[in-house]
Each structure stands twice: as C-alpha cells, then as structure tokens.
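This report concerns only the one structure given below.
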Amino acid sequence: MRLAHIHFNGSISYTRSLALQNALLERHFAHKDFLRRNPKRLEDENTGGVAQKSPATSHDTGTSGNGARAEAQETTPPDPTLITFSTTPTYTVGRRHLQTNPISDTQQSFLSASGAATFHASPRGGLLTYHAPGQLTGYVVGDLRRFGITPRCWVRLLENSVMRTCAAFGVENTTRTDDPGVWIRDSDRKICAIGVQVSRGVTSHGVGLNVFDHVIPVDVTERYAFTKAQVASPSYDPATRGYLSWGFSRIVACGLEGKSVTWMDRERSTKPGPLAEVVEEVVHRSKLMSLVGDVFAKEISQSINKMKGAGKEEIESVYRLEDPES
1 MRLAHIHFNG
11 SISYTRSLAL
21 QNALLERHFA
31 HKDFLRRNPK
41 RLEDENTGGV
51 AQKSPATSHD
61 TGTSGNGARA
71 EAQETTPPDP
81 TLITFSTTPT
91 YTVGRRHLQT
101 NPISDTQQSF
111 LSASGAATFH
121 ASPRGGLLTY
131 HAPGQLTGYV
141 VGDLRRFGIT
151 PRCWVRLLEN
161 SVMRTCAAFG
171 VENTTRTDDP
181 GVWIRDSDRK
191 ICAIGVQVSR
201 GVTSHGVGLN
211 VFDHVIPVDV
221 TERYAFTKAQ
231 VASPSYDPAT
241 RGYLSWGFSR
251 IVACGLEGKS
261 VTWMDRERST
271 KPGPLAEVVE
281 EVVHRSKLMS
291 LVGDVFAKEI
301 SQSINKMKGA
311 GKEEIESVYR
321 LEDPES
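At position 77 of the sequence shown (counting the first as 1) the number is 77 in the numbering used here, and the numbers step up by one without a gap.
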C-alpha cells in the first residue's frame, strides 16, 4: 500500500479539516462493513491474499448515482492518509477533559475571545489545546490492524516521527516524558501535542507541531491584544507576538500547570540539521509548512515499516495530493 499525503496551503477552518477526516473514516468503515458481509475477502486480507485492487484509486470521489465507483471504493482497502494543515485560531478539548472538567458557557466565551478564536469539543484523546497559523496539524487516518500496531504503540510512533522531523530542521534536543506529546529536553517546554482516536481499529486525529509564531496581520492586531497576564506567560514571545504566543499564553495547555509551549523557530540549535539551511531560503512560510509536512509524512511511513507486525503490510511509497482550492 501507499501513504497518501494531503497538504492544505494557508489556513483552513477546523470544521473543514474534520469534514475531510470524517469522509476518510467513512471509507475505512465502509470497507470493514464490506468485509464483514464477505467473510472470504476478510480471510484473504488477514492472510495477505488480498484480491487485486479495482482500477479506482482510494481517493476517487464517488457519488450515489455512480454505483460502480461506489462499489470500487467499498471493496478496495483505502490507503492510509496523512492530512497536514494549519487552522484559523481554534481551541479544542478532548473527551477526557470534558468528562472531568466540563467547559462552561463562560469559559467557552472566554476562549472564543469575541470571535478571535473558535471552540470545539473533539472526539480525540487529550485535554484543552490550541491550533493556529504557524502550527502544523497532522491527522493520520489508517487501519492499524493492517500494520499490526496497537494504539499505545501508535502514539509512540507519532512521537518518534515528530522528533525526527524536528531534528531534520535543526531542533535535535526533543524528547518524550511522562507527560504526553513531544518536549524540549531538560526543560518544561512542549513543542508538539498529540491526541488520537481509534475506532474499529482505525486511527484518526494526530499531532499539533508548532513550527513558527505566525505574525498577526496589522488589520486584526486589536482583536488579538495581549493582556499583562499573557505577556508574563512563558508561552509568550516578545520578539514575534504572533498567533501561537497569543493563543497559548491564554490557557494552561493540555492541563499541565507550570509547563509552557514553544515552537521550532525558537528551539533551532546553532548546529543545523540536514534541512535547516533550506529554512533560511524559504521566502513564504507556507512553503516551510509544506516542507515540514512532507518530512513528517516520510518519517511516518518509515516508522510504520519499522514497527509493523510480522507478515503485515508495509508502506511502499508516499504520494502527494494537493489541495484543489490552493
């Protein structure tokens, strides 16, 4: 199989990213339902004797009026897909946080900041976090059972892939700790949040990797004014005063008191990684985000092949699908 990588240039809404993810999830669930109705095909897939794929690709867009294409999509195992994007300022909270700490209407009103950000409850794991321009959000939708990888090992795989991606851009001192996500070694600074959901063996959601503190446009700076409390936060950067500074300085990210949030631009070492020199040549930050997404896709595919169970499928290659609206 191959890993599909869909990258969105610019910033998209959180609801749009969820709609695409949900469409991909439905493809996987439809295939699982087909296998349940056809035990022989299920046996073939479990033993590696998968029937030849239909000519339709796993990302063809079918319609209810096109029966042949709809059937091809249902009977063909969907490729695992990585979606990478940046979203407009958005706070999300996972199921665990909502169960133990329900978000009141007053708290939601604070988070939305009179329209400066949006708030969404998310089916993923994890606590309250923030997404914005300058952060690369990565959703991976794929059937873990085809790889023989458990949900716990999947989280570790994502952490490893993030750490190797950071190292490629000159941030070599990342690590994991007892707290979830990826951190800067010997510090309280978190560079990447991780929150996944696994349903019927299919994983979704993924990572929020902070790349750079995206400048807030002049015409909206009043909407994103910084309070004294925000300026005092270790997640605030006086040099950039961007979207990540603004959003993370307003909350206790992931419920971790005394911790702070950072990004790759702040943490790059004087000893450059193999792609660090490329960063200096990137004029448009959107190209940098695209490049980080491509490296992350490569690291995920390599990590899957290293961690997969004996006799399970591997990723043969990564192919790129562009945002049709970019």
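Cβ atoms here follow ideal geometry from the backbone N, Cα and C, with glycine treated the same way.
What is the residue span of the beta strand (DSSP E) that residue i lies within?
i, result
"tryptophan 183", "182-184"
"valine 241", "What sits at residue 241 in the sequence shown is arginine, not valine. That residue, arginine 241, is in no beta strand (DSSP E); it is neither H nor E in DSSP."
"arginine 320", "317-322"
"threonine 221", "Per DSSP, threonine 221 belongs to no beta strand (DSSP E) and is neither H nor E."
"tyrosine 91", "90-93"
"threonine 118", "118-121"
Helix, strand or coil: how does DSSP classify residue i here?
i, result
"isoleucine 251", "coil"
"asparagine 101", "coil"
"arginine 85", "Here the sequence assigns phenylalanine to residue 85, which means arginine is not the residue at that position. In the structure shown, phenylalanine 85 sits in a strand (DSSP, three-state: E or B)."
"serine 301", "helix"
"valine 202", "strand"
"lysine 228", "helix"
"asparagine 210", "strand"
"glutamate 172", "coil"
"aspartate 143", "strand"
"leucine 127", "coil"
"serine 260", "strand"
"glutamine 52", "At glutamine 52, the pLDDT of 40 sits below 50, so the modelled position is not reliable and the matter cannot be decided from this model."
"alanine 193", "strand"
"glycine 138", "strand"
"aspartate 178", "coil"
"glutamate 329", "Because residue 329 is not part of the residues shown, which for the chain are 1 to 326, the question remains open."
"alanine 132", "coil"
"threonine 150", "coil"
"proline 234", "coil"
Rounded to whole angstroms, what is the Cα-Cα separation between residue i and residue j?
i, j, result
"glycine 247", "tyrosine 130", "7 Å"
"serine 11", "leucine 24", "20 Å"
"glycine 195", "arginine 250", "20 Å"
"glutamate 222", "isoleucine 216", "10 Å"
"aspartate 188", "glutamate 26", "39 Å"
"glycine 142", "cysteine 166", "23 Å"
"threonine 75", "leucine 209", "35 Å"
"arginine 176", "aspartate 186", "11 Å"
"aspartate 179", "glutamate 159", "12 Å"
"proline 89", "tyrosine 243", "7 Å"
"methionine 1", "threonine 106", "47 Å"
"lysine 287", "threonine 87", "16 Å"
Please classify residue i: is it buried, with 16 or more other beta-carbons within 10 angstroms of its beta-carbon, or exposed?
i, result
"glycine 309", "exposed"
"phenylalanine 218", "Contrary to the premise, residue 218 reads as valine rather than phenylalanine in this sequence. The residue is exposed, with fewer than 16 neighbouring Cβ atoms inside 10 Å."
"alanine 19", "exposed"
"alanine 117", "buried"
"alanine 229", "exposed"
"glutamine 197", "buried"
"aspartate 237", "buried"
"glycine 311", "exposed"
"valine 207", "buried"
"valine 292", "buried"
"glycine 138", "buried"
"glutamate 316", "exposed"
"arginine 200", "exposed"
On the DSSP letters alone, give me the boundaries of the alpha helix (DSSP H) that residue i sits inside.
i, result
"leucine 3", "Careful: leucine 3 lies outside any alpha helix (DSSP H), inside the beta strand (DSSP E) at 2-12."
"glutamate 267", "264-267"
Could you tell me which of the options sits nearest to residue i, measuring between CA atoms?
i, options, result
"leucine 136", "Glu172, Ser122, Leu82", "Leu82"
"lysine 298", "Gln107, Arg185, Arg164", "Arg164"
"alanine 94", "Arg176, His120, Ser104", "Residue identity check: residue 94 is glycine in the sequence provided, not alanine. Nearest C-alpha to glycine 94: His120."
"tyrosine 224", "Phe110, Asn173, Ile315, Glu159", "Phe110"
"tryptophan 263", "Phe212, Val295, Phe147, Pro89", "Phe212"
"arginine 152", "Leu127, Gly181, Gly134, Gly170", "Gly181"
"arginine 320", "Lys259, Pro234, Asp79", "Asp79"
"methionine 307", "Val155, Arg124, Cys192", "Val155"
"threonine 203", "Asn22, Arg16, Ile184", "Asn22"
"arginine 241", "Asn101, Pro133, Ile149", "Pro133"
"phenylalanine 260", "Ser235, Glu314, His214", "For the record, residue 260 in the displayed sequence is serine; it is not phenylalanine. Among Ser235, Glu314, His214, the Cα nearest to that of serine 260 is on Ser235."
Does any C-beta atom of chain D lie closer than 8 Å to the C-beta of residue i?
i, result
"leucine 288", "Protein chains in the displayed structure number just one, and chain D is not present."
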